[in-house]
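See below for the structure under consideration.
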Amino acid sequence: MQTNFDKTQLADPAIQRSNEILRTCVHCGFCTATCPTYKVLGDELDSPRGRIYLIKDMLENSRIPDEKTVTHIDRCLSCLSCMTTCPSGVHYMHLIDHAREYVETRYRRPIFERALRWILTQILPHPGRFRLALRAARLLRPIKHLLPDARLRAMLDMVPKHVPAPSRNDEPQVFRSGGARRKRVALLIGCAQRALNTDINDATIRLLTRHGCDVVIPKDLGCCGAVTHHMGKAAQSHAAAAAAINTFSAEIEEEGLDAIVINTSGCGTTVKDYAHMFRDDPLAGKAARVAALAKDITELMSDLGGLREPLVKERLRVGYHAACSLQHGQQIKSLPKDLLKSAGFEVVEPKDAHICCGSAGTYNLMQPAISAELRTRKVNSIELVRPDVICAGNIGCMIQIGSATDLPLVHTVELLDWATGGPRPRSLSAAAQHRREGRSR
0 MQTNFDKTQL ADPAIQRSNE ILRTCVHCGF CTATCPTYKV LGDELDSPRG
50 RIYLIKDMLE NSRIPDEKTV THIDRCLSCL SCMTTCPSGV HYMHLIDHAR
100 EYVETRYRRP IFERALRWIL TQILPHPGRF RLALRAARLL RPIKHLLPDA
150 RLRAMLDMVP KHVPAPSRND EPQVFRSGGA RRKRVALLIG CAQRALNTDI
200 NDATIRLLTR HGCDVVIPKD LGCCGAVTHH MGKAAQSHAA AAAAINTFSA
250 EIEEEGLDAI VINTSGCGTT VKDYAHMFRD DPLAGKAARV AALAKDITEL
300 MSDLGGLREP LVKERLRVGY HAACSLQHGQ QIKSLPKDLL KSAGFEVVEP
350 KDAHICCGSA GTYNLMQPAI SAELRTRKVN SIELVRPDVI CAGNIGCMIQ
400 IGSATDLPLV HTVELLDWAT GGPRPRSLSA AAQHRREGRS R
């Protein structure tokens with residue numbers, strides 16, 4: 000693609016990077032075939048190629064974003080399926096991130112939308128606040144139909160039936176290996192995940208210590224910056240990311256780390272991109288080091304040689320949902336399935352496994368209609384393969400899919416922990432109890 004940025008514009012590193020990306024695009028349109036919003040809406044401007052044209056025009060002309068451009072940029076899930084599909088290697092992630100930051104600083108949204116986005120940034124990255132908000136939202140669900148905005152109703156629909164108490168395992172400490180230490184790792188404990196499902200970190204810690212890892216929960220570890228980053232709020236996201244970088248760097252410099260383990264793939268995609276985010280910052284060196292150490296839990300388990308002596312004999316049929324941030328953002332596709340198979344589970348995948356479920360960070364809250372359509376398609380395709388349980392590697396996907404199916408949902412790590420001596424996942428036990436109660440009536 001030909002571009003026409005002048006020298007003054009190209010002096011801006013963000014414009015320079017976007018120019019490189021735009022010039023890579025050859026207009027082939029392969030991305031439209033795998034873009035969820037294009038499949039739902041059928042509008043060229045709701046495809047990666049269409050958005051690329053809009054972003055190019057906006058950036059080249061240093062234009063104040065108009066409502067039309069913002070609408071189509073906002074409708075992008077950042078699922079990154081287009082990056083997997085693209086034969087030319089267009090790095091769409093960096094381009095859409097830049098576009099969102101540009102929009103955030105130059106476009107004045109309607110007051111209600113500004114307020115809603117501000118509230119999300121003040122609640123989601125803070126587990127304590129988020130837990131309180133979830134409990135308050137449960138009280139409002141009976142009057143959901145009275146709320147005037149579909150986004151508010153969508154927020155109430157996402158509230159889980161049970162809000163867990165904080166886990167003591169998320170407090171700063173070190174969990175020692177059960178045997179000879181093979182690695183010393185830090186665990187990114189997440190923010191929203193700590194309020195929504197404490198079983199995931201608990202299972203991760205058990206699995207890692209069982210396989211020879213000392214697991215460090217660093218002091219003062221907060222949000223990785225992913226939530227605000229994908230909303231275009233660069234100052235907030237970089238501040239959160241910088242704090243995380245400094246926290247992990249202190250552990251690296253003090254006793255050393257072999258890896259930073261991440262069990263929420265949305266966070267993993269962001270942390271692995273820290274080197275780019277901080278490329279022109281004094282933290283560049285530390286950011287690159289943290290990004291290089293970041294590993295999804297399934298990557299680390301593979302590095303450790305896989306599972307040791309799986310114990311579970313129950314051959315469940317596991318419907319594996321590939322989170323977009325894992326399969327497209329991090330290009331981790333076979334590892335989770337291989338580990339589950341090695342544990343003795345039968346793994347099945349739905350049709351169009353590469354298409355997003357509609358969660359995408361705050362997308363299901365800000366774009367509820369498109370998100371709901373994608374969720375329906377995903378749940379229908381999963382249920383068609385008749386699994387006993389649905390498994391995913393990202394909490395957002397689990398909440399999204401779980402809100403539209405009665406099948407139990409678990410994180411990949413919960414099944415791997417169970418298969419190597421941990422407790423049966425809580426959602427599996429709850430589903431079994433529900434079936435027993437149904438038969439006894």
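Going by numbering that gives the first Met the number 0, the first residue of the sequence shown is number 0, and it counts up by one from there.
Beta carbons: idealized from backbone N, C-alpha and C, even for Gly.
- As DSSP reads the structure, Leu-408 sits in a beta bridge with Ile-389.
- At a Cβ-Cβ threshold of 8 Å, Pro-171 and Lys-218 count as neighbours.
- By the Cβ neighbour-count rule, Ser-46 is buried, with 16 or more other Cβ atoms within 10 Å of its own.
- Between the C-alpha atoms of Ser-426 and Arg-16 there is a straight-line separation of about 45 Å.
- Take Ala-242, set aside five residues on each side of it, and the residues of its chain with a beta-carbon closer than 7 Å to its own are Gly-221, in chain order.
- Taking C-beta separations shorter than 7 Å and ignoring five residues to either side along the sequence, the partners of Leu-338 in its chain run Thr-297, Met-300, Gly-305, Leu-306, Leu-415, following chain order.
- Counting C-beta pairs with one atom in each stretch, the segment 320-328 and the segment 393-400 have three or more that are closer than 8 Å, which means they touch.
- CA-CA distance, Cys-30 to Asp-351, rounds to 15 Å.
- Look at Asp-198 here: in three-state DSSP terms it is helix.
- Between the alpha carbons of Asp-198 and Gln-329 lies a distance of about 24 Å.
- Annotation: Pro-109 to Leu-115 spans about 10 Å, alpha carbon to alpha carbon.
- Cβ-Cβ separation between His-93 and Ile-20: approximately 6 Å, consistent with a contact (criterion under 8 Å).
- When DSSP reads this structure, Cys-212 sits in a beta bridge with Lys-182.
- In this structure, Leu-292 keeps its C-beta atom at 8 Å or more from the C-beta atom of Ala-240.
- 8 Å or more divides the Cβ of Asp-169 from the Cβ of Asn-196.
- Distance from Thr-33 to Thr-2 at the Cβ level is roughly 25 Å; contact not present, criterion being Cβ atoms closer than 8 Å.
- Distance between Ile-51 and His-90, taken at the CA atoms: about 11 Å.
- The beta-carbon separation of Val-215 and Val-173, rounded to 5 Å, stays under the 8 Å limit for a contact.
- Restricting attention to Leu-408, His-71, Asp-295, Gly-28, the CA atom closest to the CA of Gly-88 is found in Gly-28.
- In the assembly as shown, His-26 is an exposed residue. Its beta-carbon has fewer than 16 other beta-carbons within 10 Å.
- The three-state reading of DSSP puts Leu-187 in strand, counting E and B together.
- With respect to Gly-343, Pro-309 sits close: the two C-beta atoms are nearer than 8 Å.
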